[in-house]
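S.K.: What follows is a structure written as structure tokens; I'll ask about it next.
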Amino acid sequence: MKRVVVPELLDSDTGTPREVEDSLKDLRMINRWFGGAEAMSGLLYEVAVKRRLESVSWLDVAGASGDIAGLAQKSLGRKGVKLEPILLDRAATHLNGHIPSICSDALALPFRNDSLDIVGCSLFVHHLEPPDVLSFAREALRVARHAVVISDLIRHRLHLAAVYAGWLLYRSPLTRHDGPASVRRAYTVTEMKDILKPVDAVIEIRHFYLFRMGVILWKKPNTT
């Protein structure tokens, strides 16, 4: 299945305020019930365990309304790890006002080198073309002390069929457009490995439930 880039409507808040809000609710539902929160929580917990962190500062890039951050916070809390998220999004309308947040560009993060334990994102990198995926990974590694974690979709025909099958669950027409568009422009695991090869990090990629991939870029001690 060839990768096809189709602009996603929520990226530009195309639609009425109600349609945008309903689309964000759809994303919260999808993340809660169809693997998004579980994948990100698993990645964050793995970094915490391997780096022996009892408290973790985490920049959630393109974190939107913070549903992933909130669910991950609860999940890690049950395992004895205190997660302290900061949301970053370029659209103030997406932020929830409850979790510390900042509006900024994901490719020019407004943080000093090694200023946060983990930099991560969920359902973001498929919005980027390969050169920008690489730029984001390098910028995220600059800010992270320990690792960069990426949770995203895997492009596959069966995944596309599943997204179409879920149309009746979606509240917003934006989601009915953006769901298939997201799968079509997502990367395969092989493509992601090839894109990230130049990154100065130890790369781990694995499969998660319902066509999700999880990437951990382990920061090397000498990386600045």
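The numbering used here puts the sequence shown at residues 1 to 224. From the three backbone atoms N, C-alpha and C, an ideal C-beta is built for every residue, glycine too.
Any idea what DSSP makes of TYR231, helix, strand or coil?
M.R.: Lying outside 1 to 224, the shown extent of the chain, residue 231 is not represented and no answer is given.
S.K.: Suppose you measure from the CA of ASN113 to the CA of LYS219; what does that come to, to the nearest Å?
M.R.: The sequence position of residue 113 within the sequence shown is 113, counting from 1. The sequence position of residue 219 within the sequence shown is 219, counting from 1. For ASN113 and LYS219, the distance between alpha carbons rounds to 12 Å.
S.K.: Which whole-angstrom value describes the C-beta separation of ALA39 and PHE208, a residue pair presumed to lie in contact below a C-beta threshold of 8 Å?
M.R.: Taking the sequence shown and counting its residues from 1, one reaches residue 39 at position 39. Taking the sequence shown and counting its residues from 1, one reaches residue 208 at position 208. Between PHE208 and ALA39 the Cβ distance is about 4 Å, and since that is below 8 Å, they are a contact.
S.K.: How about LEU109 and GLU129: do their beta carbons lie closer than 9 Å?
M.R.: In the sequence shown, the residue the question calls residue 109 occupies position 109. In the sequence shown, the residue the question calls residue 129 occupies position 129. No, these two residues do not count as a Cβ contact at 9 Å.
S.K.: Roughly how many angstroms lie between the CA atoms of ALA106 and TRP167, to the nearest whole one?
M.R.: Here residue 106 corresponds to residue number 106 of the sequence shown, with the count starting at 1. Here residue 167 corresponds to residue number 167 of the sequence shown, with the count starting at 1. In a straight line, the C-alpha of ALA106 is about 30 Å away from that of TRP167.
S.K.: Would you tell me roughly how many angstroms separate the C-alpha atoms of TYR45 and THR188, rounded to the nearest one?
M.R.: Numbered from 1 along the sequence shown, position 45 holds the residue referred to as residue 45. Numbered from 1 along the sequence shown, position 188 holds the residue referred to as residue 188. One C-alpha to the other measures close to 24 Å.
S.K.: To the nearest angstrom, report how far apart ASP11 and ALA186 are at their CA atoms.
M.R.: Translated into positions along the sequence shown, residue 11 becomes position 11. Translated into positions along the sequence shown, residue 186 becomes position 186. Spanning the two alpha carbons is a distance of roughly 15 Å.
S.K.: Kindly list the residues whose CB is nearer than 6 Å to the CB of ARG142, restricted to its own chain and excluding five residues on each side of it in sequence; keep chain order.
M.R.: In the sequence shown, counting from the first residue as 1, residue 142 sits at position 142. ASN113, listed in sequence order.
S.K.: Rounded to a whole number of angstroms, what is the C-alpha to C-alpha distance between PRO198 and VAL148?
M.R.: Counted from its first residue, the sequence shown places residue 198 at position 198. Counted from its first residue, the sequence shown places residue 148 at position 148. Answer to the nearest angstrom: the Cα atoms are 15 Å apart.
S.K.: So what does DSSP say about SER23, is it helix, strand or coil?
M.R.: What you label residue 23 is simply residue 23 of the sequence shown in a count that begins at 1. Helix at SER23.
S.K.: Taking 9 Å as the cut-off, decide whether the C-beta atoms of ASP67 and SER172 are in contact.
M.R.: Numbered from 1 along the sequence shown, position 67 holds the residue referred to as residue 67. Numbered from 1 along the sequence shown, position 172 holds the residue referred to as residue 172. In this structure, SER172 does not lie closer than 9 Å to ASP67 by Cβ.
S.K.: Would you kindly report the start and end of the unbroken alpha helix (DSSP H) that includes PRO180?
M.R.: To locate residue 180, count along the sequence shown from 1; it is residue 180. That run of the alpha helix (DSSP H) goes 173 to 185.
S.K.: Mark ARG227 as exposed unless 16 or more other C-beta atoms lie within 10 angstroms of its C-beta, in which case mark it buried.
M.R.: Past the boundaries of the shown model lies residue 227; the chain is included only from 1 to 224, so the question cannot be answered.
S.K.: At the level of alpha carbons, what is the spacing between ARG184 and VAL119?
M.R.: Mapped onto the sequence shown, residue 184 falls at position 184. Mapped onto the sequence shown, residue 119 falls at position 119. Approximately 26 Å, taken between the alpha carbons.
S.K.: Could you name the residues of the same chain whose beta carbon sits closer than 8 Å to that of ARG157, not counting the 5 residues immediately before and after it, in chain order?
M.R.: As a position in the sequence shown, residue 157 is number 157, starting the count at 1. Once the five neighbours on either side are set aside, the close Cβ partners of ARG157 are MET1.
S.K.: Within 10 angstroms of its Cβ, does GLU8 collect 16 or more other Cβ (buried), or is it exposed?
M.R.: As a first step, residue 8 must be located in the sequence shown, where it is residue number 8. With 16 or more other Cβ atoms within 10 Å, it is buried.
S.K.: Kindly indicate the opening and closing residues of the alpha helix (DSSP H) around ALA140.
M.R.: For the purposes of this step, residue 140 is taken as the residue at position 140 of the sequence shown. Run containing ALA140: 130 to 143, per the alpha helix (DSSP H) assignment.
S.K.: Using a Cβ-based criterion (distance less than 8 Å to any ligand heavy atom), does ARG176 qualify as near the ligand PLP?
M.R.: Absence of the ligand PLP is noted for the structure shown, with no ligands found whatsoever.
S.K.: Check ARG157 in the structure and name its three-state DSSP category.
M.R.: Counted from its first residue, the sequence shown places residue 157 at position 157. In the structure shown, ARG157 sits in a helix (DSSP, three-state: H, G or I).
S.K.: With a CB to CB cut of under 8 Å and the five nearest residues on each side skipped, what residues in its chain are close to LYS82?
M.R.: The residue you call residue 82 lines up with position 82 of the sequence shown. The answer, listed in chain order, is GLU54, SER55, VAL56 and LEU76.
S.K.: Can you check DSSP and say which residues form a bridge with LEU116?
M.R.: Start at 1 with the first residue of the sequence shown, and residue 116 comes out as number 116. Answer is ALA144, bridged to LEU116.
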